[in-house]
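Worksheet: the structure to be examined is printed underneath.
Residue numbers (our numbering): 241 to 1416.
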């Protein structure tokens, strides 16, 4: 960067030009690129570099990642450049007088084992600072931050001048953090700080950097001072016009001494580029700056108070303002571009501010790079506009390639602009791309390719693509054709004594090789044969032994690659059950005892033993049941045997040679389970009969018999009823007290012992049966059923009554049939499924716990034939008159009737069959239901119901009326208006809602408010006189009709209004036109340029007037500010405020406020600069 210069002061109080000249050009936006390559080596041999700590080893540097962002240009003021002994710093560095003093090294902390040391460097040199942290006791990587001064975090400033790297040595467990400053500038001097944080631990270290100036030469050669290198580095000048000369090295021809300054002073601005090209000057920007500083005596212009500057510069896509100040504001002004007059367009905007005339050029492009002039009358002033093209950046990096000889290599890279000039290099040297070259270059839009059709070993290297805005590199590695393994060696498992054969197949063929076992070379002998045929290689061992097991390797000659396989020699496992002395391999154990069974086994390698019971695996870590394995035998242990342990146990032996298995049976015997709950089947006066089911589990031994016990229910003492085993599952206890409840239980006995008692039976009472039922009569008879009724027995007894049993038989037979499988507690029962016209006899028994009573038999037979009963409709009282419902309500009518057999029911509506889709009708034996889910007016009418039983008929009529709201009246008109009275007349509505009109409701409304008020309700006539109307008002009237449902939904309004006038003069109201308050947005108070202090809130204010209320949008650099927590926006009574919370230098820029409504929009702008306070 050139040294900063002070702005020229304008004499006589003239205003400064709005256009920004080359000396005040802002620093370009930092370029961000992700790099994985190590930092470039120091190319400046003349610069003095002081590196306090050694750089990291190459292998660590290659893996270090870094982010590259250019440091901001914090150039010092020109007044400070005059003091060679001064030091410039943005942070709290050392005072100049303290630089010579030694810096005290702080004591070693718990984190930093090596601290960065301060140093000095000349401008353009490189320096590195290293900090090391021991990670012996750290669980994760510590966090490190580098600062300049108090607040500037250097992590966001990394770039081509500053690089941060991190490496970790796994052997020494040390983290190394490095900060590299490359090609230092004078403003890099100052105090730096390194902070390390790990959880709650913290350590920091401060160090200083001194940047010394280079010695300035006394003589200045203009051509050498403004020449750039052919590579076009950024630090060669501010404005690079060498884009056209980038690929052309300047010729070193000897030219005669020429005073270029005199030529430039007398030349026009549009000839500067031609003169610079002729004399080899490529840094036109520095040339223009030096020309501007040269004092020239200009003739005082009569038309211009201030002319255009000789030249201006703007970035591509930017905006520039060309300003002239007129001495005579009335003179006619014209602007020209390359001699052609400029007309106002969205690109070229003319502005006027006092005596200033401004030309604004928006979105500058390369075609805007031209000579501009302005003519005021007869006078003209000219300037040159230079448009700086943005650097071409790499948007997609080249990918590394690894291939073999004779393959095609294609390297692809993508840049930011189409048609950009790029250069391909190999190992830093440009690759030849001529017609006979092996390299071909191709481009399509943003993409560029380097193609090598037939790769060779010499193509290995680092290929790079260089553009004006960056470089992308990738490594290409070309190797020989690899060894191709067609068939690899296979791991083998061979039985002891069997032949061993190993085979492999490789390409290329005819490559000899050697065989190794466990790293030892194998030689051929009588037992081992080594064979090779073309690409096939074989190793054969006739009779394998246990020593032949191991790792086998085949190594082809000339290659580092080898083929490996493992060979195992195995012996099948065996189980030796013949050593057991148990018959049929069955082990019997009494429950509760301990069982241990040991079984010998063999096999090589030692087999894996698995004990299983069913699908469950028995583990060696089991608590009660476990299996253990030893080198020569396996055992099964059951500490406390239970009945669930009975079953087959399977032993499975597995090794690489095979699998073997065997099974043993374990039988656990125990006392039986208790029998099932006994069931008392019959009860007498002092005895009962009981039965039970044997126990589910007999304990592994046959059941020998049972013991039976009984007790009174209220007692707790059981009494045994038999002392000899009862071998049957039935028993009859005797000698019980009648009327006392008893319970019984059973014990099962086997060879092991007596089981636990069964659950007690259901309590029973030894009682006698009841007496017979009474008053048995016939209740109803049909063609297939007979209904009987009776009364309970006279004597029931203490046992109670459980139910009744009904039986019948055909007359003349003794075959009594039970009709109810389950007892009925009711004293009425219907016998179904009888043959028609048959004669039957019926009897009924009473049943209790003691059994069935004596039957009660009907004295005479019953003829199974239904009796005819004439039909009769029993209409409910509310249906004997018209049944009324509203539209939308449900209709559900139940009409009962009588008749036997089941009557036939039919419905008609107005003589027509009822539509089942509209009306639902359900019929039962005793009633008929008519149901309408949602009534409509079409459902109204008379419904005829007809009930038939053979030749007997009964009818009824149901009248249903569905009503709805009526329609509005027809033709409401004003008959006469006199005084404060109005006579109205109307006709009834066409639709009365299927109900009589019961009245009308009349309402009035004043024409001014049109608020309706009810005059009268429930009015029956069709004409009315409305009285007591206010004189001077004008009224409208409307009328609602009314029936039993309610008022009509709508009303009929009079077409004309009735004006109640006062007799005499009439007032004619003047016409009034409302004022239109709408207006487009207009800013009454614009935004003003503001200077803010970093860290302190700043506000921008303006005021706008518009109707309707406009929408306000705040923008920064023409980008809308939306949902950004750093900004707060207010708008109150047209005053718009934007608050910027704690701004930083990055918040500076052009802020604008835009107001928009339906009628238009308005925009105001201002410039905000954020200054960082300097600390003295």
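No residue lacks a Cβ here, since even glycine has one placed at the ideal position from N, Cα and C.
Bear in mind that the values here come from a model prediction, so they are computed numbers and not experimental data.
(message) So for residue 1096, helix, strand or coil by DSSP?
(response) strand
(message) Output needed for residue 1134: all residues of its chain with C-beta closer than 6 Å, excluding positions within five of it in sequence on either side, in chain order.
(response) 1167 and 1169
(request) Per DSSP, which residues does residue 1201 bridge with? Please list them. (result) 1124
(message) Distance check for residue 1183 and residue 1153, CA to CA, integer angstroms please.
(response) 10 Å
(request) Using beta-carbon positions only, say whether residue 716 and residue 701 come within less than 9 Å of one another. (result) yes
(message) Using only the alpha-carbon positions, how far apart do residue 1411 and residue 601 sit?
(response) 29 Å
(message) Give me the residue from 932, 518 and 948 with the minimum Cα distance to residue 1436.
(response) Given a span of 241 to 1416 for the chain in the structure shown, any question on residue 1436 remains unanswerable.
(message) To the nearest angstrom, how far is the alpha carbon of residue 976 from that of residue 966?
(response) 20 Å
(message) Considering only DSSP beta bridges, list what residue 1227 is partnered with.
(response) 1210
(request) Please state whether DSSP places residue 1320 in a helix, a strand or coil. (result) strand
(message) I'd like the list of long-range same chain contacts for residue 929, defined as Cβ closer than 6 Å, with 5 residues on each side in sequence excluded.
(response) 921, 922 and 972
(request) Would you mind reading off the limits of the beta strand (DSSP E) that contains residue 512? (result) Run containing residue 512: none in the beta strand (DSSP E); it sits in the alpha helix (DSSP H), 512–518.
(request) From the DSSP output, read off the bridge partner residues of residue 742. (result) 779
(request) May I ask which residues mark the beginning and end of the beta strand (DSSP E) holding residue 1029? (result) 1026–1031
(request) Could you check what DSSP says for residue 1181 in three-state terms: helix, strand or coil? (result) strand
(message) Can you give me the C-alpha to C-alpha distance between residue 554 and residue 506, rounded to a whole angstrom?
(response) 25 Å
(message) Rounded to the nearest angstrom, what separates residue 503 and residue 1343 at their Cα positions?
(response) 54 Å
(request) Note the first and the last residue of the continuous alpha helix (DSSP H) segment covering residue 502. (result) 500–506
(message) Please report the straight-line C-alpha distance between residue 1309 and residue 1213, rounded to a whole angstrom.
(response) 27 Å
(request) Tell whether a beta-carbon distance below 9 Å holds between residue 571 and residue 596. (result) no
(message) As an exercise, report each continuous beta strand (DSSP E) stretch of at least 3 residues that is fully enclosed by the stretch 866–947, in chain order.
(response) 873–878, 887–895, 898–909, 919–923 and 928–931
(request) Indicate whether residue 799 and residue 690 have their beta-carbon atoms separated by less than 9 Å. (result) no
(request) Specify the secondary structure class of residue 433 as computed by DSSP and reduced to three states. (result) strand
(request) Using the Cα positions of residue 594 and residue 516, report the straight-line distance between them to the nearest angstrom. (result) 38 Å
(request) Can you give me the Cβ contacts of residue 544 inside the same chain, cut-off strictly under 8 Å, excluding the 5 residues immediately before and after it? (result) 564, 565, 566, 567, 616, 619 and 621
(request) Take the Cβ of residue 777 as the centre, count every other Cβ of all protein chains shown within 10 Å, and call the residue buried at 16 or more, exposed below. (result) buried
(request) State buried or exposed for residue 1233, treating a residue as buried only when at least 16 other CB atoms are found within 10 Å of its CB. (result) buried
(request) In angstroms with no decimal places, state the Cα-to-Cα distance between residue 843 and residue 814. (result) 6 Å
(request) Using alpha carbons as the reference points, say which of 406, 974, 398 and 851 lies closest to residue 382. (result) 406
(request) Assess, as a yes-or-no matter, whether the stretch 1018–1035 is touched by the stretch 990–1005 under the definition of 3 or more beta carbon pairs within less than 8 Å. (result) no
(message) Tell me the residue span of the beta strand (DSSP E) that contains residue 546.
(response) 544–546
(message) Looking at the secondary structure, which residues open and close the beta strand (DSSP E) in which residue 1386 lies?
(response) It is not in any beta strand (DSSP E) - residue 1386 carries neither H nor E in the DSSP assignment.
(message) In the DSSP output, what is residue 1259 paired with across the bridge?
(response) 1240
(request) Could you tell me how far apart the beta carbons of residue 932 and residue 918 are, in whole angstroms, since I believe they sit closer than 8 Å? (result) 4 Å
(message) Counting beta carbon pairs with one atom in the stretch 1027–1038 and one in the stretch 935–952, are three or more of them shorter than 8 Å?
(response) no
(request) Check the C-beta distance from residue 1085 over to residue 1016 and give it rounded, since I have them as a contact under 8 Å. (result) Actually they do not touch by this definition, with Cβ atoms about 11 Å apart.
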